[in-house]
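Just so we're aligned, residue 5 is where the sequence shown starts under this note's numbering, counting upward by one.
Built from N, CA and C at the ideal position, the CB exists for glycine as well.
It should be emphasised that the depicted structure is a prediction, and the values quoted were computed from it without experimental measurement.
A short write-up of the structure that comes next.
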Amino acid sequence: MNRLARIGTLAMLLVATSLAQALDLSPAEQAGKRLYREGLSSSDAQVSARVGAADMLVPASVVPCASCHGADGLGRAEGGVRPPNLSWQRLALGQGQRQANGRSYPAYSDASLARAIQQGRDPAGNPLDPAMPRFVLSMADQRNLTAYLKRLADDRDPGVQDQVLRLGTLLPTQGPLAASARVVAAVLDDRIEALNQQGGIHGRQLQLITLDPGPDQASAEQALTRLLEQEQVFALIAPLAPALEPTLAARLEQARVPLIGATPALTTSLQIFDPLPGLREQLLSLADYAQANLVLQRADTRIVYADASQEELARRLEQELQHRGWNGIQARPLDEQASNAQAIFFLGQADDFKRLTELLQRAERTPYLLAASSQVAGQLPQLPDAWSRRVFLAYPFVPGDWTPAGRQALDGLRQRQGLDGRQGALQVSTWCAMQLLGDALKRIGRDASREKLVLALESLHDVQTGLTPPLGFGPGRRQGLAGAHVITVEMPGPVFRPVAAYRPVTEVNTP
Numbered sequence: 005m006n007r008l009a010r011i012g013t014l015a016m017l018l019v020a021t022s023l024a025q026a027l028d029l030s031p032a033e034q035a036g037k038r039l040y041r042e043g044l045s046s047s048d049a050q051v052s053a054r055v056g057a058a059d060m061l062v063p064a065s066v067v068p069c070a071s072c073h074g075a076d077g078l079g080r081a082e083g084g085v086r087p088p089n090l091s092w093q094r095l096a097l098g099q100g101q102r103q104a105n106g107r108s109y110p111a112y113s114d115a116s117l118a119r120a121i122q123q124g125r126d127p128a129g130n131p132l133d134p135a136m137p138r139f140v141l142s143m144a145d146q147r148n149l150t151a152y153l154k155r156l157a158d159d160r161d162p163g164v165q166d167q168v169l170r171l172g173t174l175l176p177t178q179g180p181l182a183a184s185a186r187v188v189a190a191v192l193d194d195r196i197e198a199l200n201q202q203g204g205i206h207g208r209q210l211q212l213i214t215l216d217p218g219p220d221q222a223s224a225e226q227a228l229t230r231l232l233e234q235e236q237v238f239a240l241i242a243p244l245a246p247a248l249e250p251t252l253a254a255r256l257e258q259a260r261v262p263l264i265g266a267t268p269a270l271t272t273s274l275q276i277f278d279p280l281p282g283l284r285e286q287l288l289s290l291a292d293y294a295q296a297n298l299v300l301q302r303a304d305t306r307i308v309y310a311d312a313s314q315e316e317l318a319r320r321l322e323q324e325l326q327h328r329g330w331n332g333i334q335a336r337p338l339d340e341q342a343s344n345a346q347a348i349f350f351l352g353q354a355d356d357f358k359r360l361t362e363l364l365q366r367a368e369r370t371p372y373l374l375a376a377s378s379q380v381a382g383q384l385p386q387l388p389d390a391w392s393r394r395v396f397l398a399y400p401f402v403p404g405d406w407t408p409a410g411r412q413a414l415d416g417l418r419q420r421q422g423l424d425g426r427q428g429a430l431q432v433s434t435w436c437a438m439q440l441l442g443d444a445l446k447r448i449g450r451d452a453s454r455e456k457l458v459l460a461l462e463s464l465h466d467v468q469t470g471l472t473p474p475l476g477f478g479p480g481r482r483q484g485l486a487g488a489h490v491i492t493v494e495m496p497g498p499v500f501r502p503v504a505a506y507r508p509v510t511e512v513n514t515p
């Protein structure tokens, strides 16, 4: 065996060993982990918990240990309550008495830990904080939970090794998205290499696992399963797998895997973070502009969708615009009836936009057209002069957002990776996803966990990318930008004229 082959074999053994260590929990410890994180028993029996002074009985799945103490057991202050660190090394540390919260008590044993969990009393018999639920556990469930708590401090999330942190993505090698996938891969590779050359993050090198999602939902599901279960990646970054949209959010929620860089149109998953606004936010930015400047809220307006998969978003936008005062708004598929409208919000792809404008030209109609810029790429030069200042587009960012340093950094990436200005929005989106991920990983420190990553991403505010308006998330907010610039198109040309700078959309409560 030559030297290179020996090195490759050694590297494979090291990776295999790390994976085995990540899964090295006994069946009892695995059952205890499920009980700790989800409040679910290994048997079919219902696990309950008593909550508050009234001892109200609720399912333990409503108040699992991890909901307060965290998946890592470190505890985080919330609502004036600071759950303690559950590290067994801390609980069982003990020579003599220990002081905490004004109480004195000896080190925990298996028996006193069971009393704390089930009766809410520490080893000295002192009552614990009233916010602590008291769990009704079988002897088997208590043994499993105790066994897992003894391993909790060493139970790292998948993808976290001493020297490496593994990320995953899904990028097709064939089909209509293959060219876009090559752009994403180039940006990811460039940014990861730059971070690794700087020493990685907290001493760990970033490793990217890239799989092809294949041609359909079944193959994409298989690729995602391999990333999560076999490759055991820590997080997903900027995947291109639209076939997964019906199930992706649920899969990530179940596995508690964060994703940075893309989002289905209507996901409410708290695991998914997108740097740029979705179609909803972009079209609402157009609606806010049109309502203030074009007085269209009483016009006969259509939300036209070209594909059945976009109907749900179209219906949601219809409802939201109605609550904004749009009286003549109606969502409907792209057909001949669209030509009757005075204004049209468009949902579809570039070819669909071409079909819509050809239909309108045959009907000799030039209603206002409002769309996200990504939906009409390449079709605007074919529009007749009659459409001048009748088309309004939403742009998440414009060249005026670029700082000299941001422009220089992007130019450098393009030169290194052989990219040009085509698919610029995709380049910037992927760049921003990597910056947000890198900033969040730096915040969580060496003791990395997926839960900490989600909390760190939530805490990012006013992130200056040099290429976009400032990005930021928050509890329940998963779009880095909540609005868009509005640009109108002048003919002949086309010439793009900014008419409204970026600002967050006006949110209106709907029933």
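task: Could you pull out every unbroken alpha helix (DSSP H) segment of at least 4 residues lying fully inside the segment 177-244, listed in chain order?
output: 182-201 and 221-229
- request: Run the CB neighbour count on Leu17, radius 10 Å, all protein chains shown included, and call it buried at 16 or more, exposed below.
  value: If you number the sequence shown from 1, residue 17 lands on position 13. In this prediction, Leu17 scores a pLDDT of 37, lower than 50, which makes its location untrustworthy; the coordinate-derived value is nonetheless stated afterwards. Its Cβ having fewer than 16 others within 10 Å, Leu17 is exposed.
- request: Less than 8 Å between the CB atoms is what I'm expecting for Leu192 and Leu212, so what's the real figure, rounded?
  value: In the sequence shown, the residue the question calls residue 192 occupies position 188. In the sequence shown, the residue the question calls residue 212 occupies position 208. Indeed they touch by this definition, with Cβ atoms about 6 Å apart.
message: What does the alpha-carbon distance come out to for the pair Gly43 and Pro137?
response: Along the sequence shown, read from residue 1 onward, the residue named residue 43 stands at position 39. Along the sequence shown, read from residue 1 onward, the residue named residue 137 stands at position 133. Cα to Cα, Gly43 sits roughly 12 Å from Pro137.
query: Going by C-alpha distance, which of Pro176, Gly203, Leu181 and Ile205 is nearest Ser223?
result: Here the question's residue 223 lines up with position 219 in the sequence shown. Nearest option by C-alpha distance: Pro176.
Gln123 vs Gln146 beta-carbon contact at 9 Å: Along the sequence shown, one-based indexing puts residue 123 at 119. Along the sequence shown, one-based indexing puts residue 146 at 142. Their beta carbons are not under 9 Å apart, which means Gln123 does not touch Gln146 by this criterion.
- request: Starting from Glu322, follow the alpha helix (DSSP H) in both directions and report where the run begins and ends.
  value: For the purposes of this step, residue 322 is taken as residue 318 along the sequence shown, with counting starting at 1. Glu322 -> alpha helix (DSSP H) spans Glu315 to His327.
task: Would you kindly work out how many angstroms separate the C-alpha atoms of Pro68 and Arg359, rounded to a whole number?
output: Working through the sequence shown from its first residue, we reach residue 68 at position 64. Working through the sequence shown from its first residue, we reach residue 359 at position 355. Distance between the alpha carbons of Pro68 and Arg359: 53 Å.
task: Name the one or two DSSP bridge partners that Ala516 has.
output: Because the chain here runs from 5 to 515, residue 516 falls outside it and cannot be looked at.
Inter-residue spacing [alpha-carbon to alpha-carbon] between Leu440 and Arg86: Residue 440 sits at position 436 when you count from the first residue of the sequence shown. Residue 86 sits at position 82 when you count from the first residue of the sequence shown. Taking the straight line from one Cα to the other gives about 28 Å.
message: Here's the rule: buried if 16 or more other CB atoms are within 10 angstroms of the residue's CB, otherwise exposed. What is Lys560?
response: A query on residue 560 cannot be resolved here, the shown segment of the chain reaching from 5 to 515 and no further.
Simplified DSSP state of Pro479, which is helix, strand or coil: One-based indexing of the sequence shown puts residue 479 at position 475. Pro479 falls in the coil class under three-state DSSP.
task: May I ask which residues mark the beginning and end of the beta strand (DSSP E) holding Thr510?
output: One-based indexing of the sequence shown puts residue 510 at position 506. Counting along the chain, Thr510 falls outside any beta strand (DSSP E), and DSSP gives it neither H nor E.
query: Considering only C-alpha positions, which residue in the set Leu156, Phe139 and Leu384 is nearest to Asn89?
result: Sequence index remark: in the sequence shown, residue 89 carries index 85 (1-based). Comparing Cα positions, the closest option is Leu156.
task: Using a threshold of 9 Å, state whether the C-beta atoms of Gln421 and Asp194 are closer than that.
output: In the sequence shown, residue 421 corresponds to position 417, counting from 1. In the sequence shown, residue 194 corresponds to position 190, counting from 1. It is a contact, given that the beta carbons lie within the stated cut-off.
- prompt: What span of residues does the beta strand (DSSP E) with Ser52 cover, start to end?
  reply: The residue you call residue 52 lines up with position 48 of the sequence shown. It spans Ser52 to Val55 - the beta strand (DSSP E) in which Ser52 sits, taken as one unbroken run.
- prompt: How is the alpha helix (DSSP H) around Ala120 delimited, first residue to last?
  reply: Taking the first residue of the sequence shown as 1, we reach residue 120 at position 116. Start and end: Asp114 to Gln123.
- prompt: Excluding the five sequence neighbours on either side, which residues of its own chain have a C-beta within less than 8 Å of the C-beta of Pro479, listed in chain order?
  reply: Position 475 of the sequence shown, counted from the start, is the residue given in the question as residue 479. Here the set comprises Glu462.
- prompt: What number of angstroms, rounded off, separates the C-alpha of Leu374 from the C-alpha of Ala460?
  reply: As a position in the sequence shown, residue 374 is number 370, starting the count at 1. As a position in the sequence shown, residue 460 is number 456, starting the count at 1. Roughly 36 Å separates the two Cα atoms.
task: Would you give the residue range spanned by the alpha helix (DSSP H) that Met60 belongs to?
output: On the sequence shown, residue 60 is found 56 positions in, with the first residue counted as 1. Run containing Met60: none in the alpha helix (DSSP H); it sits in the beta strand (DSSP E), Met60 to Pro63.
field: CA nearest to the CA of Ala245, picked from Ser108, Leu317 and Thr214
entry: Sequence index remark: in the sequence shown, residue 245 carries index 241 (1-based). Measuring from the Cα of Ala245, the nearest candidate turns out to be Thr214.
query: Under a three-way DSSP split, which group does His465 fall into?
result: Numbered from its first residue, the sequence shown carries residue 465 at position 461. DSSP places His465 in coil when its eight states are reduced to three.
query: With a CB to CB cut of under 7 Å and the five nearest residues on each side skipped, what residues in its chain are close to Leu27?
result: In the sequence shown, residue 27 corresponds to position 23, counting from 1. Bear in mind that a pLDDT of 46 at Leu27, under 50, signals an unreliable position, so the number given afterwards is only what the model happens to contain. Within the same chain, Leu27 has no close Cβ partners at all.
message: Assuming contact is defined by CB atoms lying nearer than 9 Å, are Phe357 and Ala294 in contact in what I supplied?
response: Start at 1 with the first residue of the sequence shown, and residue 357 comes out as number 353. Start at 1 with the first residue of the sequence shown, and residue 294 comes out as number 290. Contact: no.
- prompt: Of the choices Leu39, Gly172 and Pro127, whose alpha-carbon is the least far from that of Gln50?
  reply: Position 46 of the sequence shown, counting from 1, holds the residue named residue 50. Ranking Leu39, Gly172 and Pro127 by Cα distance to Gln50 puts Leu39 first.
- prompt: Any chance the segment 371-389 sits against the segment 344-352, with 3 or more Cβ pairs inside 8 Å?
  reply: yes
- request: Taking the CB atoms as reference points, tell me whether Ala318 and Leu351 lie closer together than 9 Å.
  value: Indexing the sequence shown from 1 puts residue 318 at position 314. Indexing the sequence shown from 1 puts residue 351 at position 347. Yes, the Cβ-Cβ distance between Ala318 and Leu351 is below 9 Å.
field: Through-space distance from Arg284 to His327, alpha-carbon basis
entry: Within the sequence shown, the letter at position 323 stands for residue 327. Within the sequence shown, the letter at position 280 stands for residue 284. His327 and Arg284: Cα-Cα distance of roughly 15 Å.
Other residues of its chain near Gln383: CB distance less than 6 Å, five sequence neighbours each side excluded: Taking the first residue of the sequence shown as 1, we reach residue 383 at position 379. Ala354, Phe357 and Lys358.
task: Name, in chain order, the residues that DSSP records as bridge partners for Asp159.
output: Along the sequence shown, read from residue 1 onward, the residue named residue 159 stands at position 155. Looking at the DSSP assignment, Asp159 forms no beta bridge with any residue, so it has no partner.
- request: Use the C-beta contact count for Tyr506: other C-beta atoms within 10 angstroms, 16 or more gives buried, fewer gives exposed.
  value: Taking the first residue of the sequence shown as 1, we reach residue 506 at position 502. It is buried - the Cβ of Tyr506 has at least 16 other Cβ atoms within 10 Å.
- prompt: Gly129 to Pro508, Cα distance in whole Å?
  reply: Within the sequence shown, numbered from 1, the residue matching residue 129 stands at position 125. Within the sequence shown, numbered from 1, the residue matching residue 508 stands at position 504. The straight-line gap from Cα to Cα measures roughly 53 Å.
Option in Val503, Ile205, Leu210 and Gly79 with minimal Cα separation from Val493: For the purposes of this step, residue 493 is taken as the residue at position 489 of the sequence shown. Ranking Val503, Ile205, Leu210 and Gly79 by Cα distance to Val493 puts Val503 first.
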